[in-house]
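Input: a single structure, listed below in structure tokens.
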């Protein structure tokens, strides 16, 4: 079974509007972390936001917020006031913490976001 | 700029050859991770080192090997290259064990012809 599922291969949004990118995960580990990364066409991977499984509040970083619903095992990324520069591939990833020192990230297949002017 | 450096940026080589990819982590980061991104497999974890020691292995082929040196830079060695090894190879680093973020380098794009 896939550990990270991103069901939206592509999304379109108008500039200045908000957009939600979906991510569901599967783990039996009580301690884990959820990440979102942005990959523009230039190829680099840019860290956006992190949510720990024990964090009581949803993470926010500027225009990015993570809608964490633990019972539903979802960690959706919300981008407010979209900008043209937000057009990129977005990856959701999970780190399961109970594997000792193994801090590897497991990635979803990504969502390609296009912001229209 | 994440602070993680990778060289070279691009690499074109022939099947059967061997290449070495180099990574320098962010200052202060002791842990280095290698990932492979290809069109068919997506982003996959290959291997992790912490302070010179191998900590975890993922979907790394036997033809691939890595090491982390005393100055904490890491090298990923790919040998007997096949067409299917063409991919973007990322190195990431983190402050282990307390850091939550893994910061990625710009990647090395390997093309095997």
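Residue numbers (the working numbering), protein chains in the order written: chain Z, 1 to 117; chain U, 1001 to 1113. C-beta: ideal position from N, C-alpha, C; glycine also.
- Considering only U/1111, U/1091 and U/1082, the residue with the shortest C-alpha distance to residue 1015 of chain U is U/1082.
- Ranked by Cα distance from residue 1071 of chain U, the options U/1086, U/1007, U/1027 and U/1020 are led by U/1027.
- The C-alpha of residue 46 of chain Z lies about 25 angstroms from the C-alpha of residue 1077 of chain U.
- The Cβ-Cβ distance between residue 87 of chain Z and residue 53 of chain Z does not fall below 7 angstroms.
- Here residue 1031 of chain U really is in contact with residue 103 of chain Z; their C-beta atoms are around 7 angstroms apart, less than 8 angstroms.
- When secondary structure is reduced to three states using DSSP, residue 1084 of chain U falls in the helix class.
- Take residue 109 of chain Z, set aside five residues on each side of it, and the residues of its chain with a beta-carbon closer than 7 angstroms to its own are 6, in chain order.
- Contact annotation: residue 1079 of chain U and residue 1112 of chain U have beta-carbon atoms that are not nearer than 7 angstroms.
- Contact between the segment 35–49 of chain Z and the segment 11–20 of chain Z is absent: fewer than three C-beta pairs spanning the two stretches fall below 8 angstroms.
- By the criterion of at least three beta-carbon pairs nearer than 8 angstroms, the segment 19–35 of chain Z is in contact with the segment 71–79 of chain Z.
- Of all alpha-carbon atoms in U/1074, U/1104, U/1063 and U/1100, the one lying nearest the alpha-carbon of residue 1023 of chain U is that of U/1074.
- Contact annotation: in the segment 24–57 of chain Z, residues whose CB is within less than 8 angstroms of a CB in chain U are 33, 35, 37, 43, 44, 45, 46, 47, 50 and 52.
- The C-beta of residue 107 of chain Z comes closer than 7 angstroms to at least one C-beta of chain U.
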